[in-house]
Amino acid sequence: MTGNLYLTGFSGSGKTSVGKVLAQRLKAEFVDLDHAIPNRAGTDLATFFAEEGEQAFRTLELDYVSELAADVKSGKPGKVVALGGGTLMNPATQEHVESSGVLVWLRAKWSSLFERLLCCDDRPLLQKAEKLHEFISYNRPFYEGRLPGYAHCDLVLDVDNMTPADTATAITRIMDCSWHLTVRFFERTHSVLCDSGLLARTGQMLYQLGILPRGQVWLITTGNLDDDKLPLAKIVKEDLESTRQEVRVLRIPDGEAAKTIEQVTRIHNAMLGAGTTRDDLVIALGGGTVGDAAGFAAATYMRGIDIVHIPTTLVGMIDAALGGKTAINHPKGKNLIGAYHQPKAILIDPVVLNTSADEYYLAGLAELVKYGCISDISIIEECEANWKDILNRPKWEEKWTRDGWGQLEGNPWSLIPLMKKGLAIKSRLVSADEREVTGERTLLNFGHTFAHAFEAASDFKIPHGQAVALGIRAAFKIGLKRKTVTVEDVTRIDNLLGDLAPVDLIAGLDGERILEAIKLDKKRSKDGINFLLPKGLGEVEIFTDVTVDEMKEALVALREQ
Ligand SMILES: NC(=O)c1ccc[n+]([C@@H]2O[C@H](COP(=O)([O-])OP(=O)(O)OC[C@H]3O[C@@H](n4cnc5c(N)ncnc54)[C@H](O)[C@@H]3O)[C@@H](O)[C@H]2O)c1
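Per this note's numbering, the sequence shown runs over residues 34 to 594.
Following this line, the structure appears as C-alpha cells:
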C-alpha cells in the first residue's frame, strides 16, 4: 500500500474494528490515534483529556499526523489509521491527511450508533426511545461540528448494517474499481464508482456501499434495455436477487416520453400499490431521460426516497446522473417541473457504451470537451492524443449474461480516466452550488446559449449534444474576436468538435431565427443573459456585454468553415 488509509466517522462507527481487519488483510501497520497519542504521553485517553485538555491533545495529534504524512512522502509503506473523532476539525491536520492517503468516512445513522454504544442491555422499547432522544440531543452538536471534516472524504460507506469484516471487504473492492469519486454534499455525500463489468456486480456493490435496503428495490428502466437483445435490466436484477433482495422491475417509455407527469404518477401508483416505504430504494437504469423521470419520482415519493443511478449513455454517465437535478417536461417546455434530489450512489459500467447509438455517444463527448474548456486543459490534451481511440468505441465480445458480464476484465480504454476528470469538475461545481444560487454551476452551461438557439431554430431537429458542440465553437469565435483565445486555441477546439458535429448541421438554419432565440433567452433573465466565453483553453468567464453583432459575426465565421 503506497499512501495511508485513514478511517473517520463518529464514535461507534467502527473505525478501530474495521481498521484492525483492514490492516491485517492489507498486511499494513495499524495506528489508532486515540490510543497512540496518549500512549506517547504515557497515559490513556480519558486521563489525558482530564489532565491536559482537548487543545493539548489536538496539538499532539497534529504532530502525529504530520509524521504519518511525512513517512508516506519519504516512501515508507502506507498504514491503516483510525482517526480520532475530532481529528479533521483542525484544518492543518486535515491537510496532512488529505495529502498523504485516502480518507474513508464510515457513516452511520444515530440509531445504529446508539445501539452500538449504549443500548446493549434489555431496556424496554419506550425507555430506549427516550434514551435515544437524549443520545442524539447530546451528540448532535459534536456531529455537526465534525461534518465539514467528514465531507473531505474520498469514500463514504453507510455502515449501519455492516460487520467490520464486510466494511473492510467493501473498502478493498471499491479501491479495485477503475476509479471512484466522491461527490461532496455533507450528509448527502455519495460515491461514483466506475468499473468494467460493474453492472453484473450491482447488488454486491450496493451492499458493500451499505445502500441496499432490507425491503424493496424498484428497478426503473426502459423496454429496450430489458429484452433478449440487450438484457441489461435482467443482469442487474439477477445480481440484486443474489443478495436476497426483493426486486420489482418497472418499464417506462423510451426517451423524452418517459419525462411526463403521467409516467411519474404511474411510478408512484405502482410503489403505493406495493406498500413501498421511504426505507426502500429506487434504481434508475438507462439514459438521462430515465434518470430524470425516475429521479423526480423518487424525489417526490413520500417527500423523497433513496435513488441510485446506473446511467447507460455517455450523457447519463458524465452529466445527467451527477448533480441531483431531476425533471420532467411540461407542455410549455422541457425540464420545467423538477426537484433537486441527490442520489445515494452512481454506478458506471463503461461496457454498456458498446451498444449506445452514435448520436448519444457523440453528445457525451461534446460534454467531455466542454469540461476541458471550462476547467481542465489536460482533458483537451488527452482527447487530442487519444481521439481516434475514443471515437472508435471498443467492441467487447458480447457477453449479455450476468456470468459472462461478471468476467469482463478492466480495460485500458482511454475514455475511462477522462470520464473521471470530467465528473470531478462537475462534482466540484455542483457541490459549491447545489441549487444554482451562487453561480458556480453556471459554468456548466458553456456553449449552451448558442446550442439552445440552434435547437430552437431547427425545430429541435439538431440533437442537443451536437448543438452543444457547435455552440462551444461559436463561443470560441467570439473569444477570438475579443482576443481571449488564440487562433491555435480555436483550431484545436474546431478539430475535436468538428468530428462530433459538422457545421453543415446549421448551414440551412435561418440566422435571424437563431438570433431571435438568443434574444428571447436574454429576456428571460432579469439581469440579462450570462454569456460564457473562453479565456484560453481550460477557463471560461461570464460576460454580460456580448452584442448581437458579435453573435452574428461568430455565426458567419462558424458557417463559413
Ligand atoms: N438531470 C440533469 O442534470 C441532466 C443533464 C443532462 C441531460 N439531462 C437529460 O437527459 C436526457 C438526455 O439523456 P440521454 O442523452 O442519455 O438520452 P436518452 O435517455 O433518451 O437515451 C437515448 C437513447 O438511448 C437508449 N439507450 C440508453 N442506454 C443504452 C445502451 N447502453 N445501449 C443502447 N441503447 C441505449 C435509450 O433507451 C434511448 O433510446 C434529456 O432529457 C436531458 O434533459 C439531464
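A virtual CB, placed ideally from N, CA and C, is assigned to each residue, including glycine.
For the beta strand (DSSP E) assignment, the uninterrupted runs of no fewer than 3 residues enclosed by the region 114 to 151 are, from N- to C-terminal side, 134 to 140. Bounds of the beta strand (DSSP E) holding residue 65 are 63 to 65. In the DSSP annotation of this structure, the continuous segment of the beta strand (DSSP E) that includes residue 279 starts and ends at 279 to 285. Shown here, residue 517 sits in coil according to DSSP, grouped into three states, outside any helix or strand. Going by beta carbons, residue 441 and residue 432 fall inside the 8 Å limit. Taking one beta carbon from each stretch, the region 286 to 304 and the region 352 to 364 have 3 or more pairs nearer than 8 Å; the two touch. Distances from the alpha-carbon of residue 195 to those of 188, 207 and 245 put 245 closest.
The beta carbon of residue 143 sits closer than 6 Å to those of 169, all from its chain and outside the five residues before and after it, given in chain order.
A Cβ-Cβ contact shorter than 8 Å links residue 404 with residue 455. Taken through DSSP and simplified to helix, strand or coil, residue 223 comes out as strand. In this structure, ligand 1 has a non-hydrogen atom nearer than 7 Å to the beta-carbon of residue 385.
In the same chain as residue 547, and ignoring 5 residues on each side of it, the C-beta atoms closer than 7 Å to its own belong to 486, 487, 490 and 588, in chain order.
Around the Cβ of residue 315, a 10 Å sphere holds 16 or more other Cβ atoms; the residue is buried. In this chain, the alpha helix (DSSP H) harbouring residue 414 covers 410 to 424. Straight across, the Cα-Cα distance linking residue 214 with residue 550 is about 38 Å. For residue 237, there is no enclosing beta strand (DSSP E); the enclosing alpha helix (DSSP H) has its first and last residue at 235 to 241.
At a threshold of 7 Å, residue 368 counts as near ligand 1, since its beta carbon sits closer than that to one of the ligand's heavy atoms. For residue 544, the closest C-alpha among the options 526, 573 and 592 is that of 592. A distance below 8 Å between beta-carbons, with the five flanking residues on each side excluded, links residue 552 to the following residues of its chain, in chain order: 581. Residue 37 is bridged by DSSP to 134.
Ligand 1 approaches residue 263 closely enough that one of its heavy atoms is under 7 Å from the residue's Cβ.
Inter-segment contact for the region 393 to 411 and the region 332 to 349 is present: three or more beta-carbon pairs are separated by less than 8 Å.
In the three-state reduction of the DSSP assignment, residue 527 falls in the helix class, which pools H, G and I. For residue 254, the enclosing beta strand (DSSP E) has its first and last residue at 249 to 255.
When the beta-carbon positions are compared, residue 511 and residue 566 come within less than 8 Å of each other. No Cβ-Cβ contact shorter than 8 Å links residue 353 with residue 318. By the neighbour-count criterion, in which 16 or more other beta carbons inside 10 Å mark a residue as buried, residue 311 falls on the exposed side. The continuous stretches of alpha helix (DSSP H) do not include residue 359, which lies in the beta strand (DSSP E) extending over residues 358 to 363. Just measuring C-alpha positions, the residue of 185, 101 and 115 sitting nearest residue 109 is 101. Per DSSP, reduced to three states, the secondary structure at residue 493 is coil, with no helix or strand assignment.
The beta carbon of residue 205 lies closer than 8 Å to those of 55, 58 and 59 in the same chain, with the five residues before and after it left out. Inclusion of residue 35 and residue 115 in the CB contact set at 8 Å is not warranted, their separation being larger than that value. For residue 564, the uninterrupted beta strand (DSSP E) run begins and ends at 564 to 567, by DSSP. Where residue 438 is concerned, the enclosing alpha helix (DSSP H) starts and stops at 435 to 439. Under the three-state reduction of DSSP, residue 308 is assigned to coil, being neither helix nor strand. Between residue 118 and residue 44, the C-beta gap is smaller than 8 Å, which places the two residues in contact.
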